[in-house]
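Sequence positions in the sequence shown follow numbering that gives the first Met the number 0 and run 0 to 528. Don't be surprised by glycine CBs; every beta carbon is placed ideally from N, CA and C. First up is the structure itself, then whatever we jot down about it.
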Amino acid sequence: MTSGTRTTGEHGAVTAAYRALFDAFDDDRSQTLSRAELVGHLGAAGIKEDDPRIRAILDAAGEAEMDFAGFVTLIQHHSGLVQRAMQGTLAVPDFTGLTAEVDRMYRETLPVRTGQVADYIPQLARVDPEQFAVSLCTVDGQRHDIGDFDTAFCVQSVSKTVSYCLALEEHGVDLTHRHVGREPSGQSFNELTLNRQGRPHNPMINAGAIMSCSLIRPGLPLADRFDHVAQTWQRLAGGRRPGFNNAVYLSERDTADRNFALGYAMRESNAFPPGTDLRETLEFYFQCCSIELDARMLGVVAATLAAGGVCPLTGERVFGETTVQHCLSLMTSCGMYDFSGEFAFTIGLPAKSGVSGALMVVIPQLMGVCVWSPRLDELGNSVRGIEMCRKLVETFQVHPHAAQETRAARKDPRRRRNQSAVESVVALCWAASQGDLDEVRRLASSGVDLGAADYDGRTALHLAASEGRTDVVRYLLGRNVDTAPVDRWGGTPLHDAEREGHATVADLLRPTVPRQKQPRRNRPAPAGD
Ligand code: GLU
0 MTSGTRTTGE
10 HGAVTAAYRA
20 LFDAFDDDRS
30 QTLSRAELVG
40 HLGAAGIKED
50 DPRIRAILDA
60 AGEAEMDFAG
70 FVTLIQHHSG
80 LVQRAMQGTL
90 AVPDFTGLTA
100 EVDRMYRETL
110 PVRTGQVADY
120 IPQLARVDPE
130 QFAVSLCTVD
140 GQRHDIGDFD
150 TAFCVQSVSK
160 TVSYCLALEE
170 HGVDLTHRHV
180 GREPSGQSFN
190 ELTLNRQGRP
200 HNPMINAGAI
210 MSCSLIRPGL
220 PLADRFDHVA
230 QTWQRLAGGR
240 RPGFNNAVYL
250 SERDTADRNF
260 ALGYAMRESN
270 AFPPGTDLRE
280 TLEFYFQCCS
290 IELDARMLGV
300 VAATLAAGGV
310 CPLTGERVFG
320 ETTVQHCLSL
330 MTSCGMYDFS
340 GEFAFTIGLP
350 AKSGVSGALM
360 VVIPQLMGVC
370 VWSPRLDELG
380 NSVRGIEMCR
390 KLVETFQVHP
400 HAAQETRAAR
410 KDPRRRRNQS
420 AVESVVALCW
430 AASQGDLDEV
440 RRLASSGVDL
450 GAADYDGRTA
460 LHLAASEGRT
470 DVVRYLLGRN
480 VDTAPVDRWG
490 GTPLHDAERE
500 GHATVADLLR
510 PTVPRQKQPR
520 RNRPAPAGD
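This is how it looks when you write it as structure tokens:
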């Protein structure tokens, strides 16, 4: 076979795979798929109708019913998205399972009404404190939103992430960090303090974000610099243009003594790049804080960071992978104000919050999450935002440093429905039948139930007994598994051992008091036994 061509056999296999896919979703056996059916199947996988990739697909599909040939054309022209969505091989295979859990967490968090909205400017003080939105987007662009997800809020300190990435992209890590450190400050976000070199401690606090702003296209007029930032947010969010809250900007500017004080302190210590206009830099910083997004958009921005800088909805690379790596590292150590250490300890994920109640959480290589709810705790983080994060790590295997024991007790969103349970039983039964005691031990230590049965009711003890694996039988009995589980043919491990003539195993399994019940024996002997 020459490269780039397919053999007839290979081509036939591909067509058969498409046929299987088509038939699996052709519920009414009409040999056609309608647009509504397609949208429904994609929707169940988390691919929404307003997804830019889907718009192209639906336009190509048109309104007419699609036959098999049309379906194949569709699949071949859209980079596997339809195929992967229908086969359940996107980043979160069981997307409806995930969203059901997220909705449950949302409902449980909704009654939480502690905390206060930020009141240092009237625009934030007037926001309805009851509002609450959660939006998530996976690295494959599967999306889910609940609550007030289409209400705009200003990003405030969440802007510090994007400003830092822009500074890195423009100047690289060495030059950028000649102007700003990368240590947690251990102080409040707007504390009037610099590090020993007279530089801001990190880019996630006010002084550091002001410094990032000073590094973004310093040679251009302010309007162009702002356009550059706004366009970057737009690309990160998959194409929707962010808003700008002018009233927030004006208020921020009028109540900015502390930020001006930080600016003057940095100027005094020669922290800024030469030629920096302090007033303009501060105005630029206030403008960046006043950019408005809704939760859906911020969820996609978070997903772009989770995907290493490539927007899942457009496939566009917005930031380099190394830029994103640095940003996520600093979000992990410094993104949650004075709660950053505690957040890193309990949640472990890179996140950034803002005084508007916005919270952007990144689960690298999996998904981005935005939680927005305006009531803040005394450290300035959204109360419901923190609560949602707690629930997230209690439910799913997302803490990056989770112990095996902890992981075993959580759901893995990367797996198919029941995949873990099925795989672990298969692995256990296989190891038992092979007499691979080390593997049985390893599975036990990772929390697998040693008494678990497969679809036929066969357990590790059945398999070990049937194959005469004395060590494994002894080990399992020592772990107090049920000694006489009954498979779907009525067989127990003792019957397996007796039938196969494994006397030592049979002795181990034989009850001291003879059993009354004699199970039926009509299971055909396994081939080759
Ligand atoms: N605009 C705010 C300030 O600089 C940002 C506050 C925040 O979200 O942390 O004070």
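| Asked | Found |
| --- | --- |
| Taking 8 Å as the cut-off, does the CB of Cys369 come closer than this to any heavy atom belonging to ligand 2? | Here the bound small molecules are ligand 1; ligand 2 is not part of this structure. |
| Quick one: does the C-beta of Val354 sit closer than 8 Å to a heavy atom of ligand 1? | yes |
| Thinking C-beta only, is Arg416 closer than 9 Å to Ser465? | no |
| With a floor of 3 residues, list each beta strand (DSSP E) that falls wholly inside the region 283–345, ordered by position along the chain. | 290–292 |
| Where Arg5 and Gly146 are concerned, what is the direct C-alpha to C-alpha distance, given to the nearest angstrom? | With a pLDDT of only 49 at Arg5, under 50, the local geometry of the prediction cannot be trusted, and no value is derived from it. |
| Is the region 305–319 close to the region 137–145, with three or more CB pairs under 8 Å? | yes |
| I'd like the list of long-range same chain contacts for Glu168, defined as Cβ closer than 8 Å, with 5 residues on each side in sequence excluded. | Phe318, Gly319, Thr322 |
| Write down the C-beta distance between Arg234 and Glu315 rounded to the nearest angstrom, noting that I regard them as a contact closer than 8 Å. | 6 Å |
| Given a threshold of 16 other Cβ atoms within 10 Å of its Cβ, counted over all protein chains shown, does Asn201 qualify as buried or as exposed? | buried |
| Please look up how many angstroms separate the CB atoms of Thr113 and Arg374, rounded, as I've assumed it's under 8 Å. | 7 Å |
| Between the alpha carbons of Gly171 and Val397, how many angstroms are there, rounded? | 30 Å |
| Look at the alpha carbon of Ala484 and the alpha carbon of Asp27, and state the distance between them as a whole number of angstroms. | In the sequence as presented, Ala is not what sits at residue 484; that position holds Pro. Cα-Cα distance, rounded: 41 Å. |
| Among all the DSSP beta bridges, which residues are the ones paired with Val367? | Note that residue 367 is Gly in the sequence shown here, rather than Val. In the DSSP output, where bridge partners are listed per residue, Gly367 has Cys136, Val361. |
| Just confirm the distance between the C-beta atoms of Leu41 and Gln86, as a whole number of angstroms; I'd bet it's less than 8 Å. | About 12 Å; that fails the 8 Å criterion. |
| So, helix, strand or coil for Thr254, using DSSP? | coil |
| Is it buried or exposed for Tyr336, if we count other Cβ within 10 angstroms and need 16 for buried? | buried |
| Can you name the residues that DSSP bridges to Met65? | Leu32 |
| Excluding sequence positions up to five away, which residues of its chain have a Cβ less than 7 Å from the Cβ of Met387? | Met104, Thr108, Val133, Val370 |
| Report yes if the C-beta of Gln155 is less than 8 Å from at least one heavy atom of ligand 1; otherwise report no. | yes |
| Counting along the chain, where does the beta strand (DSSP E) carrying Ala350 start and finish? | 350–352 |
| How many Å lie between Ala260 and Gly180 at the Cα? | 19 Å |
| Where Glu532 and Ser33 are concerned, what is the direct C-alpha to C-alpha distance, given to the nearest angstrom? | For residue 532 there is no data in the structure shown, the boundaries of the chain being 0 and 528. |
| Taking Cβ to Cβ, would you say Leu193 is nearer than 9 Å to Ala255? | no |
| Can you give the beta carbon distance from Gln130 to Val354, rounded, assuming they're within the 8 Å contact cut? | About 15 Å separates the two Cβ atoms, so there is no contact after all. |
| Closer than 7 Å by C-beta to Ser213: which residues in its own chain qualify, once you throw out the five before and the five after it? Chain order, please. | Phe271, Pro272, Thr275, Thr280 |
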